[in-house]
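Colleague:
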Amino acid sequence: MNKQAKLPKVAILLSPARREQVLSVAAEKQLASFSTLAIPTGPELDADELPAFLDGAVACLTGWGTPPLSDELLVRYTELRLIAHTAGSIRHLVPLTALERGLRVSQAAAIIADSVAEFVISQALLGLRHLNEIDRGMKAGQDWNAIRTEYPGRLLGSQTVGVVGTGRVGRAVIRLLKAFGCRVLVYDPYLTAEQAKQLSIEAVSLDDLMAHADIVTLHAPVLPETVGMISAARLAKLRDNAIFINAARAQLVDEEALLRELESGRISAALDVYSQEPLPRENPFRALPNVVISPHTAGHTIDTHLRQGQAMVDEVQHLIRGEPLRYEITPDMFSIIA
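Start counting the sequence shown at -3; every next residue gets the next number (my numbering).
And the structure:
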């Protein structure tokens, strides 16, 4: 009688709380059906525990809170073929040299993109229809007709929207905007004319985008050339009553200049990211009535988290079956991903 083939080892490098957040019972059962699982049991995963879990593993699942996997660590585990990251950015998790050496890496950023895109649309609608102001007025007992007169609102489909960056999130936002009938301007130096044509958008300079959009939403990665790209001079180009949305990274913006523009009351904003996180209690953004603030939560929904985990479980299964990966990050993509 033939012995049953030994299942490959897969390490789940997630704390129990994070594992519960991203892996449904069904997803974990699926993973266990084709692999032997190595699972941490402590409340947190410490870096000194990594060797025991990686030893002999062909793949590992990582996520928010996973300690960085240094090149010195990874080079010791030649059986490891795939890191399936259940979160977004891998820059601070895996070194480029590991990918160049042949280690494969997948990430769930494409899954998170849909959540961020919905968040951006919700913030645009919130700002255009003045829903926060209307709600406050109603609860304060302000006159019914006075509120209707003061906050007539604007239609999203009638706005020109500027999208800075056409990565996964930018393209997800564009798809939703096109469904509303918006005119979409895009700035992305990596976007070709053919790609712009396929997306049915207008590729323009960043200065033109800032000057002609009713709504500006940022979706560029943090690169040397993008840090501070939304400068004081460019913020000054925004139209009066423009809505500025940043659910990307704070490093893209001159935050002090943005604060000055908002304090003038000329524009409004929805901010999900900040130069200091968590946002200090005394931060002036908290006191501005024309700013909607949130705690870096654009990509976070219950459904999104579970989809992230499921996508990476599927990636591990694809690897073991010898099938193509759907969400792989290649070395040439590493330098320009968010």
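Note that beta-carbon positions come from the ideal geometry of N, C-alpha and C, so glycine has one too.
Using only the alpha-carbon positions, how far apart do R167 and A175 sit?
Modeller: Looking up residue 167 in the sequence shown gives position 171. Looking up residue 175 in the sequence shown gives position 179. Each residue's alpha carbon lies about 13 Å from the other.
Colleague: Between V287 and A307, is the Cβ-Cβ spacing less than 9 Å?
Modeller: Walking along the sequence shown from the start, residue 287 turns up at place 291. Walking along the sequence shown from the start, residue 307 turns up at place 311. Here V287 is not near A307, since their CB atoms are 9 Å or more apart.
Colleague: Give, in chain order, every unbroken run of the alpha helix (DSSP H) that is at least 4 residues long and sits entirely within the stretch 240 to 296.
Modeller: 251 to 260
Colleague: For L335 versus L27, is the C-beta spacing smaller than 9 Å?
Modeller: Residue coverage of the chain in this structure runs from -3 to 334, which leaves residue 335 outside it and unanswerable.
Colleague: Please go through the same chain and pick out, in chain order, the residues whose beta-carbon is closer than 7 Å to the beta-carbon of N(-2), but skip the five residues on each side of it.
Modeller: Residue numbering aside, residue -2 sits at position 2 when the sequence shown is read from its first letter. Its pLDDT being 46, under 50, N(-2) is placed unreliably in this model, and the value from its coordinates should be taken loosely. None.
Colleague: Taking the alpha carbon of L78 as the point to measure from, which residue in R277, V101 and T93 has its own alpha carbon closest?
Modeller: Position 82 of the sequence shown holds residue 78. Comparing Cα positions, the closest option is V101.
Colleague: Tell me, which residues are paired with R150 by DSSP?
Modeller: The sequence position of residue 150 within the sequence shown is 154, counting from 1. Per DSSP, none; premise fails for R150.
Colleague: Since V157 and G295 should fall inside the 8 Å C-beta cutoff, what is the C-beta to C-beta distance between them, to a whole number of angstroms?
Modeller: The residue given as residue 157 occupies position 161 in the sequence shown. The residue given as residue 295 occupies position 299 in the sequence shown. Incorrect: roughly 20 Å between the Cβ atoms, too far for contact.
Colleague: Just to confirm, is the Cβ distance from L231 to L254 under 9 Å?
Modeller: The sequence position of residue 231 within the sequence shown is 235, counting from 1. The sequence position of residue 254 within the sequence shown is 258, counting from 1. Yes, Cβ-Cβ distance for L231 and L254 is below 9 Å.
Colleague: Tell me where the beta strand (DSSP E) around I170 begins and ends.
Modeller: Your numbering for residue 170 matches position 174 in the sequence shown. I170 -> not in any beta strand (DSSP E); alpha helix (DSSP H) instead, spanning R164 to F176.
Colleague: Skipping 5 residues on each side, what residues in its chain have a beta carbon closer than 8 Å to that of L95?
Modeller: By 1-based counting over the sequence shown, the position of residue 95 is 99. Hits under 8 Å: V101, I325, T326, P327 and F330.
Colleague: Give the DSSP bridge partners of Y186, in chain order.
Modeller: Along the sequence shown, one-based indexing puts residue 186 at 190. Beta-bridge partners assigned by DSSP to Y186: none are found.
Colleague: With a threshold of 16 other CB atoms inside 10 Å of the CB of G123, please say whether the residue is buried or exposed.
Modeller: For the purposes of this step, residue 123 is taken as residue 127 along the sequence shown, with counting starting at 1. G123 is buried by the Cβ-count criterion.
Colleague: Are the CB atoms of I86 and T300 nearer to each other than 9 Å?
Modeller: The sequence position of residue 86 within the sequence shown is 90, counting from 1. The sequence position of residue 300 within the sequence shown is 304, counting from 1. No, the pair does not count as a contact, with Cβ atoms beyond the cut-off.
Colleague: Could you give the residue range of the alpha helix (DSSP H) that holds G133?
Modeller: The sequence position of residue 133 within the sequence shown is 137, counting from 1. It spans L127 to K135 - the alpha helix (DSSP H) in which G133 sits, taken as one unbroken run.
Colleague: I need the DSSP call for D328, collapsed to helix, strand or coil.
Modeller: For this step, residue 328 is matched to residue 332 along the sequence shown. Here D328 sits in helix by DSSP.
Colleague: Does the count of Cβ pairs from the stretch 184 to 204 and the stretch 138 to 148 closer than 8 Å reach three?
Modeller: The stretch 184 to 204 is not in contact with the stretch 138 to 148.
Colleague: Could you tell me the alpha carbon to alpha carbon distance between D42 and G59, rounded to whole angstroms?
Modeller: Counted from its first residue, the sequence shown places residue 42 at position 46. Counted from its first residue, the sequence shown places residue 59 at position 63. D42 and G59: Cα-Cα distance of roughly 13 Å.
Colleague: Looking at the strands, I want to know which residues DSSP matches up with R317.
Modeller: As a working mapping, residue 317 is identified with position 321 in the sequence shown. Paired residue(s): none; R317 is not in a bridge.
Colleague: Does S102 come out as helix, strand or coil in the three-state DSSP assignment?
Modeller: Along the sequence shown, read from residue 1 onward, the residue named residue 102 stands at position 106. Note: S102 maps to strand in three-state DSSP.
Colleague: If we count the other Cβ atoms within 10 Å of its Cβ and call it buried at 16 or more, is A48 buried or exposed?
Modeller: Counted from its first residue, the sequence shown places residue 48 at position 52. Exposed: under 16 other Cβ atoms inside 10 Å.
Colleague: Pop quiz: V159 and T82 are said to be a contact at Cβ under 8 Å. What is the actual Cβ separation, rounded to whole angstroms?
Modeller: The residue you call residue 159 lines up with position 163 of the sequence shown. The residue you call residue 82 lines up with position 86 of the sequence shown. Incorrect: roughly 27 Å between the Cβ atoms, too far for contact.
Colleague: Could you give the first and the last residue of the continuous beta strand (DSSP E) run that contains V54?
Modeller: On the sequence shown, position 58 is the one that residue 54 refers to. Where V54 is concerned, the enclosing beta strand (DSSP E) stretches over A53 to T58.
Colleague: Out of curiosity, what's the CA-to-CA distance linking I197 and T162?
Modeller: One-based indexing of the sequence shown puts residue 197 at position 201. One-based indexing of the sequence shown puts residue 162 at position 166. Using only the alpha carbons, I get a separation of about 11 Å.
Colleague: Spell out the partners DSSP gives K5 in its beta bridges.
Modeller: One-based indexing of the sequence shown puts residue 5 at position 9. In the DSSP output, where bridge partners are listed per residue, K5 has T32 and A53.
Colleague: If we call anything under 9 Å between Cβ atoms a contact, is P63 one with T37?
Modeller: Position 67 of the sequence shown, counted from the start, is the residue given in the question as residue 63. Position 41 of the sequence shown, counted from the start, is the residue given in the question as residue 37. With respect to the 9 Å criterion, P63 and T37 are not classified as neighbours on the basis of their beta carbons.
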